[in-house]
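Just so we're aligned: the sequence shown equals residues 1378 to 1707 in the working numbering. Step one of this worksheet: look at the structure below.
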Amino acid sequence: MNITSTQTGSYPKVSVFVPTYNHEQFIADCLDSILAQNYSNLEIVCGDDASNDGTPEILKNYKERYPKVIKIFLNKTNLGVTKNCNNLLAQCEGKYIALFAGDDLMLPGKLKKQVELLEHTPNCVLCYHNLDVFDSLTNKTLYYYNNSTVKPYEGKADLLLKHQVFTGPPSIMIRSSAIPQGGYNEEISTVSDWLFFIEVANKGEIRYINETLARYRRHKGSITYSNKYYKEVYDSFNIIRGKYPKLAKYIYLSEGAICFQQAGDRLKEGDMEGFYEFVYKAFKNRYRLTISIPLVLLKFLRKVGCLCIIDKIVKKVFSLRNSLRDSKVN
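Right, dumping it as structure tokens:
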């Protein structure tokens, strides 16, 4: 445990926010990676959402070993992602909050580097860094989050609407004073983090650290793109329209990106009619046709052994885009 390499008073207090649910296989490694940080003035705030495995017992064990550092809160019943996160936020006492999860891993220097950026940039309310996204079974890196496809962005809240996906939650540290009233919006029961990031970023600016400072786990328990997921994303758009009129004008960009994502889902399922439908909706939201569509098509068609029809499908996609352009001209 390396929590004595800086003096407690040298840096402001950081709360590491760790919601858990059935993380028995991962939580010990997660906590060890946080405790190994070269940052002394921290608290680790863990909230377990009524896990039915051994997660609560492991948390109790760590609490006994590190009583001055770790706080645990064990829900008797399952509250769901958003309510559990809000309960945790209410217990965080730090000037800054590092958002994490019980199945992710910190890399050396993460907390100190993020605090230093925030301390030297008073108008920054949210900072993030690159992530090593890895497969839970093999421990092998699948990709780095901020690569040539998902480029890092800096600026204000409108960037999150213009580009939507900018990072994964384990890379984020926020300024506590920028937390919106009520914390995470409980109208969004599961995928409330994106809306939360927008509301935080609306209080200042976003900054990026060009280093990989955490590992983001992918496994069978990860939240997947379901109908509920998409409904909550569209609900988030409507909340933004109502609360933040100045940001509303950028929503069409995110809607276009979500439509394209849904098109990809339909393609993977072999639903070509649904694929064309969502591609058309993406174009209606001014989503630009890039090399992404042919690449998604190529991956799917290789899998099903139908590479011979890719030209036909790409031509159809361009035809949809052109017909939409013609209708606007007329």
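Ideal Cβ placement from N, Cα and C applies to all residues, glycine included. These numbers were taken from a predicted model, which means no experiment stands behind them.
Roughly how many angstroms lie between the CA atoms of Arg1643 and Tyr1606, to the nearest whole one?
-> Locating residue 1643 in the sequence shown gives position 266, where the first residue counts as 1. Locating residue 1606 in the sequence shown gives position 229, where the first residue counts as 1. Spanning the two alpha carbons is a distance of roughly 15 Å.
The segment 1413 to 1427 / the segment 1469 to 1477 touching (three or more Cβ pairs under 8 Å) | When C-beta atoms of the segment 1413 to 1427 are compared with those of the segment 1469 to 1477, three or more pairs fall below 8 Å, so the two segments count as touching.
Does DSSP classify Asn1464 as helix, strand or coil?
-> Sequence index remark: in the sequence shown, residue 1464 carries index 87 (1-based). Three-state result, Asn1464: helix.
Between the beta-carbon of Ile1404 and the beta-carbon of Ile1449, is there less than 7 Å?
-> For this step, residue 1404 is matched to residue 27 along the sequence shown. For this step, residue 1449 is matched to residue 72 along the sequence shown. No, the Cβ-Cβ distance between Ile1404 and Ile1449 is not below 7 Å.
Cα-Cα separation, Lys1626 to Leu1408 | For this step, residue 1626 is matched to residue 249 along the sequence shown. For this step, residue 1408 is matched to residue 31 along the sequence shown. Near 41 Å, if we compare the C-alpha coordinates of Leu1408 and Lys1626.
Endpoints, the beta strand (DSSP E) within which Lys1448 is located = Your numbering for residue 1448 matches position 71 in the sequence shown. From DSSP, the beta strand (DSSP E) with Lys1448 extends over 1447 to 1451.
So what does DSSP say about Phe1637, is it helix, strand or coil?
-> Residue mapping note: residue 1637 aligns to position 260 of the sequence shown, counting from 1. Residue state, collapsed to three classes: helix.
Which residues bound the beta strand (DSSP E) around Phe1477?
-> Counting from one through the sequence shown, the residue named residue 1477 turns up at place 100. Careful: Phe1477 lies outside any beta strand (DSSP E) and carries neither H nor E.
Which value, in whole angstroms, describes the spacing of the CA atoms of Lys1539 and Tyr1621?
-> In the sequence shown, the residue the question calls residue 1539 occupies position 162. In the sequence shown, the residue the question calls residue 1621 occupies position 244. Using only the alpha carbons, I get a separation of about 15 Å.
Closest by C-alpha distance to Val1510, when choosing among Tyr1520, Thr1459, Glu1563 | On the sequence shown, position 133 is the one that residue 1510 refers to. Residue Tyr1520 is the option with its Cα nearest to Val1510.
With 16 as the cutoff for other CB atoms within 10 Å, does Thr1454 come out buried or exposed?
-> On the sequence shown, position 77 is the one that residue 1454 refers to. Counting Cβ neighbours within 10 Å, Thr1454 comes out exposed, since fewer than 16 surround it.
Three or more beta-carbon pairs under 8 Å between the segment 1555 to 1566 and the segment 1485 to 1492, yes or no?
-> no
In terms of residue numbering, what span does the alpha helix (DSSP H) encompassing Asp1535 cover?
-> As a first step, residue 1535 is located in the sequence shown; it is residue number 158 there, counting from the start. Per DSSP, Asp1535 belongs to the alpha helix (DSSP H) from 1535 to 1540.
Integer-rounded CB distance, given that Thr1567 should sit under 8 Å from Gly1457 = What you label residue 1457 is simply residue 80 of the sequence shown in a count that begins at 1. What you label residue 1567 is simply residue 190 of the sequence shown in a count that begins at 1. Yes, Gly1457 and Thr1567 are in contact; Cβ-Cβ is about 7 Å, under 8 Å.
For Leu1412 versus Pro1433, is the C-beta distance shorter than 7 Å?
-> In the sequence shown, counting from the first residue as 1, residue 1412 sits at position 35. In the sequence shown, counting from the first residue as 1, residue 1433 sits at position 56. No.
Start and end residues, alpha helix (DSSP H) containing Asp1570 = Locating residue 1570 in the sequence shown gives position 193, counting from the first residue. 1570 to 1578 is the extent of the alpha helix (DSSP H) around Asp1570.
How about Asn1507 and Tyr1522: are their beta carbons less than 7 Å apart?
-> Your numbering for residue 1507 matches position 130 in the sequence shown. Your numbering for residue 1522 matches position 145 in the sequence shown. Yes, Cβ-Cβ distance for Asn1507 and Tyr1522 is below 7 Å.
Neighbourhood of Phe1543 by C-beta distance below 6 Å, restricted to the same chain and skipping five residues each side | The count along the sequence shown starts at 1 and reaches residue 1543 at position 166. Tyr1530, listed in sequence order.
For Pro1444, count neighbouring C-beta atoms within 10 Å of its own C-beta (all shown protein chains included) and say buried if the count is 16 or more, exposed if not.
-> Taking the sequence shown and counting its residues from 1, the one referred to as residue 1444 is at position 67. Result: exposed.
Classify Asn1615 as helix, strand or coil using the three-state DSSP reduction.
-> As a first step, residue 1615 is located in the sequence shown; it is residue number 238 there, counting from the start. Correct three-state label for Asn1615: helix.
If I'm right that Phe1574 touches Leu1537 with Cβ under 8 Å, what's the distance once you round it to whole angstroms?
-> Within the sequence shown, the letter at position 197 stands for residue 1574. Within the sequence shown, the letter at position 160 stands for residue 1537. That pair is a contact at about 6 Å.
Hey, which unbroken runs of the beta strand (DSSP E) at 3 residues or more fall wholly within the segment 1403 to 1443?
-> Within the segment 1403 to 1443, the complete beta strand (DSSP E) runs of at least 3 residues fall at 1419 to 1425.
Taking the C-alpha atoms as reference points, what is the distance between Pro1499 and Arg1552?
-> Locating residue 1499 in the sequence shown gives position 122, where the first residue counts as 1. Locating residue 1552 in the sequence shown gives position 175, where the first residue counts as 1. In this structure, the straight-line span from the alpha carbon of Pro1499 to that of Arg1552 is close to 10 Å.
Report the rounded CA-to-CA distance for Lys1658 versus Ala1578, giving the unit in angstroms.
-> Numbered from 1 along the sequence shown, position 281 holds the residue referred to as residue 1658. Numbered from 1 along the sequence shown, position 201 holds the residue referred to as residue 1578. In this structure, the CA atom of Lys1658 is about 28 Å from the CA atom of Ala1578.
Mark Asn1615 as exposed unless 16 or more other C-beta atoms lie within 10 angstroms of its C-beta, in which case mark it buried.
-> For this step, residue 1615 is matched to residue 238 along the sequence shown. By the 10 Å Cβ count, Asn1615 comes out exposed.
Beta carbon of Ile1449: closer than 6 Å to some heavy atom of the ligand NAD?
-> Judged by which ligands are present, the structure shown has none, so any question about the ligand NAD falls away.
Buried versus exposed call for Met1649 [16 or more other C-beta atoms within 10 Å across all chains shown] = Here residue 1649 is taken as the residue at index 272 of the sequence shown, counted from 1. With a 10 Å radius around the Cβ and a threshold of 16 neighbouring Cβ atoms, Met1649 comes out exposed.
Determine the extent of the beta strand (DSSP E) in which Glu1496 is found, giving its start and end residues.
-> The sequence position of residue 1496 within the sequence shown is 119, counting from 1. Where Glu1496 is concerned, there is no enclosing beta strand (DSSP E), although the alpha helix (DSSP H) it sits in stretches over 1487 to 1497.
Can you tell me the Cα-Cα spacing of Ser1554 and Asn1604, whole angstroms?
-> For the purposes of this step, residue 1554 is taken as residue 177 along the sequence shown, with counting starting at 1. For the purposes of this step, residue 1604 is taken as residue 227 along the sequence shown, with counting starting at 1. Cα to Cα, the separation comes out at about 34 Å.
Specify the secondary structure class of Asp1512 as computed by DSSP and reduced to three states.
-> The count along the sequence shown starts at 1 and reaches residue 1512 at position 135. Three-state result, Asp1512: strand.
Mind checking Asp1512: buried by the 16 CB within 10 Å criterion, or exposed?
-> Indexing the sequence shown from 1 puts residue 1512 at position 135. Exposed, by the Cβ-count rule.
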